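For the sequence shown, the positions run 4 to 332 when our numbering is used. Before any comments, here is the structure.
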Amino acid sequence: MSSSTSRAQKEKMVTEFRSVTNAMYGTFFLIPSFDLSKQKHSVTYFFFLFFSVFEVFSRPADASRICKKSGYRLEVAFDLFYNDHLAQQNAERSMQSRSKAIAEAFEGVLNVQFNEFQDPDEPGRMDMNGLMRYLEELSLTPEDPKVLCLCHLLHSPRLGVLERADFLKYWAALLVQATTSPSPPPPIQTADEMTKFQITTLAELDRRLRSELSYFEEVYRYTFDFGRDEGQKSLALSTAIPLWELILPLAPGLDPNVFKPEYLQWWIELLRSRNKSVSRDTWNLFLDFVVQLEDRFANYDELAAWPSLIDDYVTLAREKLGSQGMDVC
């Protein structure tokens with residue numbers, strides 16, 4: 004770990020530590036000079052707080068050694084930890100071991116849940132019929148954008164296919180992350196409780212889809228592979244159109260007064276006139292084009308390296324805007 008990375012991580016953890024412990028134990032943790040050495044049983048107290056919030060120290064011996072060396076000063080302890088190879092090694096082993104144990108504890112409930120929707124002919128897989136029933140369990144319709152978040156999360160290779168191994172692996176990973184966070188979810192011991200956790204998780208992913216461009220781009224690019232027929236390099240136009248209509252209007256920062264709903268329909272009109280499948284480049288570059296677009300295509304540069312299809316689209320759009328009596332550049 005580089006010194007710059009260590010410093011950034013340390014500062015972030017110190018801030019989060021104070022935020023959480025302030026809520027838990029009182030406002031004195033917001034005081035930069037707060038000295039744990041004044042507290043009774045300070046080693047145990049420091050270790051409990053530090054470990055319960057961040058799960059960093061894997062052994063009380065590490066906590067005791069670093070606390071004493073730091074003089075029980077929180078910022079100094081972080082610096083010492085990031086320069087203590089043994090403590091970091093023990094912490095990594097401890098977190099891996101605990102994460103594995105937590106994941107294994109949830110696998111039973113996840114298997115029970117998956118069994119309800121599995122393909123009777125292929126118990127290790129959920130087919131389209133099972134997926135539809137699973138979506139209903141999650142209070143989702145096929146037209147809900149959260150379905151794309153779900154399939155992206157579970158690494159579904161294509162529409163109507165969910166593998167048991169992926170279902171267990173990726174839901175368990177999220178459960179480990181949630182369980183070890185400062186605000187863990189309620190205990191999950193039944194399939195119904197698991198479903199509630201999944202519904203809450205998907206609501207958060209939907210929020211991110213609409214607000215975080217990097218996550219949106221990740222899901223958008225995944226959607227191309229997800230929508231392709233098995234063995235095909237391109238996306239069928241009949242599949243691409245509803246997927247564009249579903250996800251593109253949600254792009255973070257996309258102003259509906261700049262990229263208006265009819266603009267997407269003009270794009271679809273052009274594609275239908277060509278009657279060709281959609282390549283990966285076309286799928287990806289259209290998003291790049293849309294998020295850079297200014298009002299009435301004012302910033303479009305015909306000499307830029309856009310594919311000819313987008314050139315043709317801009318020509319079509321400007322013709323339509325001109326016929327509506329609007330100024331175009």
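By construction, the Cβ of each residue, glycine as well, lies at the ideal position given by its N, Cα and C atoms. As the structure is a computational prediction, the values presented were derived from the model and not from experiment.
- Annotation: the continuous alpha helix (DSSP H) that includes S214 extends over 194–214.
- In the three-state reduction of the DSSP assignment, R321 falls in the helix class.
- Remark: C-beta atoms of S214 and S280 do not approach each other more closely than 7 Å.
- In chain order, T226, G230 place their CB closer than 6 Å to the CB of L246, counting only its own chain and leaving out the 5 sequence neighbours on each side.
- Between H155 and V222, the gap from beta carbon to beta carbon is short of 7 Å.
- Annotation for D195: no residue places its beta carbon closer than 7 Å to its own, counting only its chain and skipping 5 residues before and after.
- Sorting L306, R277, R299, T198 by C-alpha distance to the C-alpha of E322 places R299 at the top.
- DSSP places R128 in the strand class (E or B) of the three-state scheme.
- In this model, F289 and E119 are separated by some 39 Å (Cα to Cα).
- In this structure, A168 is the residue among S311, P189, A168, P145 with its C-alpha nearest to the C-alpha of Q121.
- Buried is the label assigned to L165, since at least 16 other Cβ atoms lie within 10 Å of its Cβ.
- Each of E305, L253, I244 was checked against the Cα of W286, and the nearest Cα belongs to I244.
- Residue pairing by DSSP puts L238 in a beta bridge opposite V281.
- Around the Cβ of D124, a 10 Å sphere holds fewer than 16 other Cβ atoms; the residue is exposed.
- Taking 8 Å as the upper bound for CB-CB distance, V261 and E220 are not in contact here, some 18 Å apart.
- A direct Cα-to-Cα measurement between T318 and L240 gives close to 21 Å.
- If you draw a 10 Å sphere on the C-beta of T193, you find fewer than 16 other C-beta atoms in it, and that means exposed.
- Going by C-alpha positions, P126 is about 39 Å away from N278.
- Short of 8 Å from the beta carbon of D130, and not among the five residues preceding or following it, lie these beta carbons of its own chain, in chain order: D122, G163, V164.
- In this structure L138 is in contact with P145, their Cβ atoms being roughly 7 Å apart against a cut-off of 8 Å.
- Closest in C-alpha terms to R128, from the list L306, H88, N93, S159, comes S159.
- If you draw a 10 Å sphere on the C-beta of D304, you find fewer than 16 other C-beta atoms in it, and that means exposed.
- Taking C-beta atoms as the reference points, F200 and F117 fail to come closer than 7 Å.
- Here the alpha carbon of K72 sits roughly 23 Å from the alpha carbon of R96.
- Note: D232 is not bridge-paired with any residue in the DSSP secondary-structure output.
- Under a 10 Å Cβ-count criterion, G256 is classified as exposed, with fewer than 16 other Cβ atoms of the shown protein chains found around its own Cβ.
- According to the DSSP assignment, A176 belongs to the alpha helix (DSSP H) that extends over 167–182.
- In its own chain, leaving out the 5 sequence neighbours on each side, no residue places its CB closer than 6 Å to the CB of M135.
- The residues D284, T285, L288, in chain order, have a CB closer than 8 Å to that of P310 in the same chain once the five nearest residues on each side in sequence are set aside.
- D122 sits in a strand when the DSSP states are folded into three classes.
- In the structure shown, the three-state DSSP call for I191 is coil.
- In the DSSP assignment, K149 falls within the alpha helix (DSSP H) that extends over 149–156.
- For the pair P189 and Q268, the Cα-to-Cα distance works out to about 45 Å.
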